[in-house]
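Chemist: When we follow the numbering used here, the leftmost residue of the sequence shown carries the number 463, and every step to the right adds one.
Sharing a structure, written as structure tokens. Questions coming.
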Amino acid sequence: MAVLVLADHDNAHARDTTHKTVTAALQLSSDVDVLVAGEGAKGAADSAAKIAGVRKVLLAESPALGKGIAEATTDAVLALAGGYDAILIPATSAGKNIAPRIAAKLDVAQISDVIQVLGPKTFVRPIYAGNALETVETADAKLVATVRGTAFKAAPEGGSAAVEAVGAPAHAGRSASFVSEEVVKSNRPELTAAKIVVSGGRALGSADEFKKVIEPLADKLGAAVGASRAAVDAGYAPNDYQVGQTGKVVAPDLYVAVGISGAIQHLAGMKDSKVIVAINKDADAPIFQVADYGLVQDYKVAVPELIDALTAIGK
């Protein structure tokens, strides 16, 4: 059984999600190849080649792949699909855009958000906002699946796979084209890869209050900043901060929830965190049901005291 992993990368490096998807792939087969699709992505290919267990890295480069347009990436994968029994893709925003297209073109049923590999055709995935787990067995000849990175350990480095150039689509087709992008630059860790996340909810009341309360605590802890959907919908935080069923799924070592009630949609995105700390003045807030440590107190009092305590111990 041969497995193709579509790399998640920034052209210079293969991201942690790629390492974790390789871990899932190695549970299916020892024949695991990685496809790096992009433009000027040799650095990412060399990075992927160092992942332990990878047989070889396929590098597809063209201007059409430079902006990660799903149609072009799909064509790059389909050109190689005939040589593989399974195609695994990290369950990122981009991956969730690409995988269904590949599955549709191959006329197979996609398996989404794999969190456990039970066999070459059998997998476990969450349903009902993570409140239940479903065991899925596919009868399709070819497997297309997205892998939830928070459920797998990252494959270590130490590999020395060969990097091989392959053909790449010259254009993305008539259905899509790149228009523009707005890149948010931050010195904080990337949300889905951060070891510590500090998130704020609708209780903060305004964008100014969110920035005043959440960001200093995050900076003190060296954490990424997250938000509930309610906070994002209210305009307190940008969309890329959203944690939850319709946002990003995180599983940091420490998750601090400030003013978040704990709706099941939010819990679906963070309940696998190793340690959860909740600060909320409502003692009946659902967030306390999953929290390892809960503080029933107004955040306006609790957060400044926490920052002062961290400062006192040299943080």
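Ideal Cβ placement from N, Cα and C applies to all residues, glycine included.
Please state the DSSP three-state secondary structure of L683.
Modeler: Translated into the one-based positions of the sequence shown, residue 683 becomes position 221. Helix at L683.
Chemist: Helix or strand or just coil, what does DSSP make of Y761?
Modeler: Here residue 761 refers to the residue found at position 299 of the sequence shown. Reduced to three states, the DSSP call for Y761 is helix.
Chemist: Extract the residue ranges of the alpha helix (DSSP H) inside the segment 541-617, only unbroken runs of 4 or more that lie entirely within it.
Modeler: Segments of the alpha helix (DSSP H) lying fully in the segment 541-617: 555-568.
Chemist: Following the continuous alpha helix (DSSP H) through L729, name the residue where it begins and the one where it ends.
Modeler: For the purposes of this step, residue 729 is taken as residue 267 along the sequence shown, with counting starting at 1. Segment 726-729, the alpha helix (DSSP H) holding L729.
Chemist: Span of the alpha helix (DSSP H) holding A719?
Modeler: Residue mapping note: residue 719 aligns to position 257 of the sequence shown, counting from 1. Note, A719: premise wrong, no alpha helix (DSSP H); beta strand (DSSP E) at 716-720.
Chemist: When you compare the CB positions of I738 and D754, do they come within less than 8 Å of one another, or not?
Modeler: Taking the sequence shown and counting its residues from 1, the one referred to as residue 738 is at position 276. Taking the sequence shown and counting its residues from 1, the one referred to as residue 754 is at position 292. Contact: yes.
Chemist: Which partner residues of L497 appear in the DSSP bridge assignment?
Modeler: Position 35 of the sequence shown, counted from the start, is the residue given in the question as residue 497. Paired residues: L468, L520.
Chemist: Quick one: what's got a C-beta closer than 7 Å to D695's C-beta in the same chain, skipping five residues either side?
Modeler: Position 233 of the sequence shown holds residue 695. Answer for D695: no residue qualifies.
Chemist: If you follow the beta strand (DSSP E) that V752 is in, where does it begin and where does it stop?
Modeler: Taking the sequence shown and counting its residues from 1, one reaches residue 752 at position 290. Element bounds for V752: n/a, residue is neither H nor E.
Chemist: Measuring only the C-alpha atoms, how far is Y761 from E767?
Modeler: Residue mapping note: residue 761 aligns to position 299 of the sequence shown, counting from 1. Residue mapping note: residue 767 aligns to position 305 of the sequence shown, counting from 1. Spanning the two alpha carbons is a distance of roughly 9 Å.
Chemist: For I775, list the residues DSSP reports as bridge partners.
Modeler: Counting from 1 along the sequence shown, the entry for residue 775 is found at position 313. DSSP, once it has assigned bridges, lists no residue as partnering I775.
Chemist: Apart from the five residues on each side of it in sequence, which residues of its chain come closer than 7 Å, Cβ to Cβ, to G621?
Modeler: Position 159 of the sequence shown holds residue 621. Same-chain partners within the cutoff: A511, K512, I513, A514, G515, V516.
Chemist: Apart from the five residues just before and just after G545, which ones in its own chain have a Cβ nearer than 7 Å to its Cβ?
Modeler: Counting from one through the sequence shown, the residue named residue 545 turns up at place 83. Here the set comprises A464.
Chemist: Does the Cβ-Cβ distance between A503 and H471 come in under 8 Å?
Modeler: Locating residue 503 in the sequence shown gives position 41, counting from the first residue. Locating residue 471 in the sequence shown gives position 9, counting from the first residue. Contact flag set, yes.
Chemist: Taking 8 Å as the threshold (C-beta atoms), are V484 and V498 in contact?
Modeler: By 1-based counting over the sequence shown, the position of residue 498 is 36. By 1-based counting over the sequence shown, the position of residue 484 is 22. Not closer than 8 Å, so no.
Chemist: Pull up the DSSP beta-bridge partners for E619, would you.
Modeler: By 1-based counting over the sequence shown, the position of residue 619 is 157. Paired residue(s): I513.
Chemist: For I769, does the three-state DSSP call read helix, strand or coil?
Modeler: Here residue 769 refers to the residue found at position 307 when the sequence shown is read from its first residue. In this structure, I769 counts as helix in the three-state DSSP scheme.
Chemist: When you compare each of A469, K529, L468 to S642 by their alpha carbons, which one comes out closest?
Modeler: Here the question's residue 642 lines up with position 180 in the sequence shown. Considering only alpha carbons, the answer is K529.
Chemist: Identify which residue in G688, A469, L666, K615 has its Cα closest to the Cα of P651.
Modeler: The count along the sequence shown starts at 1 and reaches residue 651 at position 189. Cα-wise, what sits closest to P651 is G688.
Chemist: Within 8 Å of any Cβ in chain C, is that where the Cβ of S555 sits?
Modeler: Structure shown: chain C not included; a single protein chain is present.
Chemist: Three or more beta-carbon pairs under 8 Å between the segment 604-615 and the segment 568-580, yes or no?
Modeler: Contact holds: three or more Cβ-Cβ distances are below 8 Å.
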